[in-house]
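Structure first, commentary second.
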Amino acid sequence: MEENLQDKKDKLTESIVSMYDNKELLVKIIDFFPYPIQIFSLDGTAKIINDATLKMIGIKKRENHVGKYNVFKDPIIQELGCMDEVKQVLDGKTVYLKDFNAPYRRMKDFFDLEEKEVKTISSDITCFPLYNNEGVMEHFAAVFVFKKIYGIKEEISRAKRYMDTHWIESFDAESIAKIAFMSKKHFTKLFKEQYGMTPHDYYFDLKIRKLQEKLLDRKITISQAFSICNIDYTGYYIKLFKQKTGCSPSEFRNSKKR
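Taking my numbering, I'd label the letters of the sequence shown as residues 589 to 846.
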């Protein structure tokens, strides 16, 4: 699948390069390409943007972008640490940016974008030089393959799935919020709206459920069950277990005797 997608991108690149000398034809045909494409002057200014790009990114008007947007001054590219790679296209190199994750709210700070329930746009980007028939580089192009558009709810779900698979680790609200590309405060608010509890409460509910499973194994002691789940065997957590389940760990184990 990955190779097939790369073949399509390579063929698309070849098509743009082959049509470059016929600028009028290129401008007309580029809008029919299914992939978002932009063409830039060597100083980084956007010269051509096709409809697929406008639609996928949510740019309201073409005239608000063409002639105004400069890729070399894009703060998001700078913040993601990709600017040096992008500029290699000026050396005649084809540049491949994989998993370029652009926060939509951050994009709205700088671009005239539509209101969308979008959190992050993830894409692979290929940048390549365009030469005239004398072999002189005049422009460069960028082809985007949008891999995933994460909605706000999906970002929250992704962070929840992270907790589901990393429950044995210590709870770190800051790190979990980063999975959703949010501040801790904003993430906690949206998580509670979506799941009816805070991330902290969800995490400890999950830990208690895992501990209950371990307590059913009579080959290990109660303290060992706590240790396996990375929970301190102290009065605080024993009390928390009772609050969540209605009984102490030993009572829970005894109630499950056959």
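Ideal Cβ positions, reconstructed from N, Cα and C, are used throughout, including at glycine.
- Non-local beta-carbon contacts of K795 in its own chain, meaning distances under 7 Å to residues more than five positions away in sequence, involve W755, C817 and I819 in chain order.
- According to DSSP, N689 shares a beta bridge with S710.
- Given a length threshold of 4 residues, each whole run of the alpha helix (DSSP H) inside the segment 712-771 is given here in chain order: 740-753 and 761-767.
- Per DSSP, the continuous alpha helix (DSSP H) segment holding S838 begins and ends at P837 to S843.
- Around the CB of D752, fewer than 16 other CB atoms lie within 10 Å, so the residue is classed as exposed.
- A634 and E722 have their C-alpha atoms roughly 23 Å apart.
- When C-alpha distances from L685 are compared across L678, V674, R694 and Y692, the shortest belongs to V674.
- Secondary structure at I808: coil, using DSSP grouped into helix, strand and coil.
- Note: S629 is bridge-paired with H727 in the DSSP secondary-structure output.
- Judged by DSSP in its simplified three-state form, V654 adopts coil rather than helix or strand.
- For I637, the CB contacts under 7 Å within the same chain, skipping 5 residues up- and downstream, are Q626, R650, H653 and V654 in chain order.
- The straight-line gap separating the alpha-carbon atoms of N658 and D631 is approximately 8 Å.
- Membership of I826 in the alpha helix (DSSP H) is indicated by the continuous run G823 to T833.
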